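Q: Below you'll find the structure I mean.
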Amino acid sequence: MDFTAGLMALEDALGQMLARITPLTDTETLPLHQAFGRVLARDVTSPLDVPGFDNSAMDGYAVRLGDVKEGAVLPVAGKAFAGQPFHGEWPEGTCIRIMTGAPVPTGCDAVVMQEETDANDAGVRFLKPIRPGQNIRLRGEDIQRDAVVLTAGTRLNVGELPMLASLGIPQVEVVRKIQVAIFSTGDELQLPGKPLGDGQIYDTNRLAVHVMLEQLGCEVINLGIIPDDPDALRAAFIDANRQADLVLSSGGVSVGEADYTKTLLEELGEITFWKLAIKPGKPFAFGRLPDSWFCGLPGNPVSAALTFYQLVIPLLAKLSGQHTPALPQTLRVRAASRFKKSPGRLDFQRGILQRDAEGMPEVVTTGHQGSHIFSSFSQGNCFVVLERERGNVEAGEWVDVQPFNHLFGG
Ligand code: AMP
Ligand code: MG
Numbered sequence: 001m002d003f004t005a006g007l008m009a010l011e012d013a014l015g016q017m018l019a020r021i022t023p024l025t026d027t028e029t030l031p032l033h034q035a036f037g038r039v040l041a042r043d044v045t046s047p048l049d050v051p052g053f054d055n056s057a058m059d060g061y062a063v064r065l066g067d068v069k070e071g072a073v074l075p076v077a078g079k080a081f082a083g084q085p086f087h088g089e090w091p092e093g094t095c096i097r098i099m100t101g102a103p104v105p106t107g108c109d110a111v112v113m114q115e116e117t118d119a120n121d122a123g124v125r126f127l128k129p130i131r132p133g134q135n136i137r138l139r140g141e142d143i144q145r146d147a148v149v150l151t152a153g154t155r156l157n158v159g160e161l162p163m164l165a166s167l168g169i170p171q172v173e174v175v176r177k178i179q180v181a182i183f184s185t186g187d188e189l190q191l192p193g194k195p196l197g198d199g200q201i202y203d204t205n206r207l208a209v210h211v212m213l214e215q216l217g218c219e220v221i222n223l224g225i226i227p228d229d230p231d232a233l234r235a236a237f238i239d240a241n242r243q244a245d246l247v248l249s250s251g252g253v254s255v256g257e258a259d260y261t262k263t264l265l266e267e268l269g270e271i272t273f274w275k276l277a278i279k280p281g282k283p284f285a286f287g288r289l290p291d292s293w294f295c296g297l298p299g300n301p302v303s304a305a306l307t308f309y310q311l312v313i314p315l316l317a318k319l320s321g322q323h324t325p326a327l328p329q330t331l332r333v334r335a336a337s338r339f340k341k342s343p344g345r346l347d348f349q350r351g352i353l354q355r356d357a358e359g360m361p362e363v364v365t366t367g368h369q370g371s372h373i374f375s376s377f378s379q380g381n382c383f384v385v386l387e388r389e390r391g392n393v394e395a396g397e398w399v400d401v402q403p404f405n406h407l408f409g410g
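Under UniProt numbering, read the sequence shown as residues 1 to 410, first letter to last.
Written out as structure tokens, the structure reads:
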């Protein structure tokens, strides 16, 4: 019997989800230092040429080629420092001392680095042939005025914000923060700090999801633990939908769960329950509530974290207007241990990516891969992604790995 019949491939689920999501359109204007991690709402053009003026790339001497005769010694007629240009008269047959970043004086053809000169009180002798334009950084060489420097949909990080500062831009228009309402479902769940009753466990998922969402720049509306009760659940969905762009619940999406979760969601909105062909994380729900998107994560903490990582992060990226999909980076490395697997589902095992004796990358398993073993996330530093049809992997075989992103300490 084929236990994988009817399971949906991860990329199909992702594709269907992303095809439906439309980005938020509300924006806000923020000073640069508050815009870290946010998504640009409009193209940014440069108000300036960068560099803003022709300047020296070296410490040395500014010359006019016509003044440099064979064996000539040119007296130094002045100095140009960064922030202190030379504006005096530049007599024929002389050179100007110049420092890196200083504007080149008018008429200058080249800058000669001091290592290629012989200087004494009488003046400077040039030891090597001089090329016109050498060691001069030209105005606008890096960025031209009015050129688009960043396009709408760019996420603003350390690669982008300092560049905007270098253009003299003090603030940017970004897409507003995504509001995400979260709750855990389950009669068995208890808050950390409270004693456990018979058969109870501590709520893990809400904390995982809350901190991940905050790190991703979302505004979190935390609605707590909701018991497995249709009225309480309906009230939670209605409340969450009213407040948020995305409603994220955990638990109650697997088979065997009381049917009212499904019925309720279908009554309130348009929800698709998927059985994904991935391990861990098979049950996952996605859909639309009247005013918000909905994702139902599996109850199992490892499955919840994994489906958040693989599906909810790309969904949030699309919702935030980011123009590149936030898909995990994949590398191919050698397995340095055995990975147990049976064919049928795409497996996301936790592994430790390290270097072998020759400095080449290799990956070993973190051990037991049960979907309740949350410690594998803190022991490991990557997902080992094993193809659906693949069986056991022996040491020496090639495997795909996805190094954990910053959310998992990568
Ligand atoms: P469910 O999807 O509700 O059937 O839950 C699947 C498994 O995950 C069960 O063993 C639950 O007790 C457990 N579980 C559900 N929600 C949570 C949670 N928030 N934290 C930790 N474990 C949970
Ligand atoms: Mg449950």
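Note that beta-carbon positions come from the ideal geometry of N, C-alpha and C, so glycine has one too. Model, not experiment: these values are computed from the prediction.
Strictly by DSSP, which residues pair up with Lys194?
A: The partner list for Lys194 (beta bridge, DSSP) is empty, contrary to what the question assumes.
Q: Quick check: the region 293-308 against the region 358-367, are at least 3 beta-carbon pairs closer than 8 Å?
A: Segments in contact, no.
Q: What residues match up with Trp293 in a beta bridge as DSSP calls it?
A: DSSP lists Leu246 and Arg288 as partners of Trp293.
Q: Measure the alpha-carbon distance for Glu160 versus Leu196 and round it to whole angstroms.
A: Going from the Cα of Glu160 to the Cα of Leu196 covers about 48 Å.
Q: For the ligand AMP, any of its heavy atoms closer than 7 Å to the Cβ of Ser376?
A: No, Cβ of Ser376 sits at least 7 Å from all heavy atoms of the ligand AMP.
Q: Determine whether the beta carbon atoms of Ser303 and Leu246 lie at a separation below 8 Å.
A: Their beta carbons are not under 8 Å apart, which means Ser303 does not touch Leu246 by this criterion.
Q: Relative to the C-alpha of Lys128, which candidate in Ala122, Asp142 and Met113 has its C-alpha closest?
A: Residue Met113 is the option with its Cα nearest to Lys128.
Q: Roughly how many whole angstroms lie between the Cα atoms of Glu270 and Tyr260?
A: If I take the Cα positions, the gap works out to 14 Å.
Q: With H, G and I counted as helix, E and B as strand and the rest as coil, what does DSSP make of Asp228?
A: Coil at Asp228, not helix or strand.
Q: What is the DSSP secondary structure of Val399, reduced to helix, strand or coil?
A: Here Val399 sits in strand by DSSP.
Q: Any contact of the region 15-26 with the region 120-138, i.e. 3+ C-beta pairs under 8 Å?
A: The region 15-26, when compared against the region 120-138, does not touch it at the 8 Å Cβ threshold.
Q: Along the chain, where does the beta strand (DSSP E) that runs through Leu386 open and close?
A: That run of the beta strand (DSSP E) goes Cys382 to Leu386.
Q: Can you tell me which of Asp59, Arg288 and Val68 puts its alpha carbon nearest to the alpha carbon of Thr100?
A: For Thr100, the nearest C-alpha among the options comes from Asp59.
Q: Does any residue of chain D bring its CB to less than 8 Å from the CB of Asp228?
A: Included in the structure is just one protein chain, with no chain D present.
Q: May I ask which residues mark the beginning and end of the beta strand (DSSP E) holding Pro361?
A: Run containing Pro361: Pro361 to Thr365, per the beta strand (DSSP E) assignment.
Q: Run the CB neighbour count on Phe339, radius 10 Å, all protein chains shown included, and call it buried at 16 or more, exposed below.
A: Phe339 should be labelled buried.
Q: Buried or exposed: where does Leu327 fall if 16 or more other Cβ atoms within 10 Å of its Cβ makes it buried?
A: Flag for Leu327 reads exposed.
Q: Work out the CA separation of Val401 and residue 421 for me, nearest whole Å.
A: For the chain, the structure presents residues 1 to 410; residue 421 sits outside this window and is missing.
Q: Measuring CB to CB, does Val44 end up less than 8 Å from Gly321?
A: No; because the gap between Cβ atoms is not below 8 Å, this pair is not in contact.
Q: Determine the contact status of Ser46 and Ile178, defining contact as a CB-CB distance below 8 Å.
A: No, they are not a contact pair.
Q: Examine the ligand AMP and report whether any of its heavy atoms sits within less than 7 Å of the Cβ of Thr204.
A: Yes - the ligand AMP has a heavy atom lying nearer than 7 Å to the Cβ of Thr204.
Q: Taking 8 Å as the limit between beta carbons, can you name the residues of its chain near Trp398, skipping five residues before and five after?
A: Closer than 8 Å at Cβ, skipping near neighbours: Arg332, Val333, Arg334 and Ala335.
Q: The beta strand (DSSP E) that contains Lys79, what's its start and end?
A: Per DSSP, Lys79 belongs to the beta strand (DSSP E) from Val76 to Ala80.
Q: Taking 7 Å as the cut-off, is the C-beta of Gly321 nearer than that to any heavy atom in the ligand MG?
A: No, since every heavy atom of the ligand MG falls outside the 7 Å radius drawn around the Cβ of Gly321.
Q: Kindly indicate the opening and closing residues of the alpha helix (DSSP H) around Ser166.
A: Counting along the chain, the alpha helix (DSSP H) containing Ser166 begins and ends at Leu161 to Ser166.
Q: Hey, is Gly224 close to the ligand MG, as in C-beta under 7 Å from one of its heavy atoms?
A: The answer is no for Gly224.
Q: For the beta strand (DSSP E) that contains Glu28, what are its first and last residues?
A: Thr27 to Pro31 is the extent of the beta strand (DSSP E) around Glu28.
Q: Going by C-alpha to C-alpha distance, which of Leu289, Phe377 and Ile373 sits closest to Ala244?
A: Selected option, being the one with the closest Cα: Leu289.
Q: Can you confirm whether the region 200-209 touches the region 230-243 when touching is taken to mean that 3 or more C-beta pairs between the two stretches lie within less than 8 Å?
A: They do not touch, by the three-pair rule.
Q: Once DSSP output is grouped into helix, strand and coil, what is the label at Val220?
A: Of the three classes helix, strand and coil, the one that applies to Val220 here is strand, per DSSP.
Q: Please confirm if the region 70-85 is in contact with the region 179-194, defined as three or more CB-CB distances below 8 Å between the two stretches.
A: With a cut-off of 8 Å, the region 179-194 and the region 70-85 do not count as touching, because too few Cβ pairs lie within range.
Q: With a threshold of 16 other CB atoms inside 10 Å of the CB of Met1, please say whether the residue is buried or exposed.
A: With a pLDDT of only 47 at Met1, under 50, the local geometry of the prediction cannot be trusted, and no value is derived from it.
Q: So, helix, strand or coil for Gln16, using DSSP?
A: Residue state, collapsed to three classes: helix.
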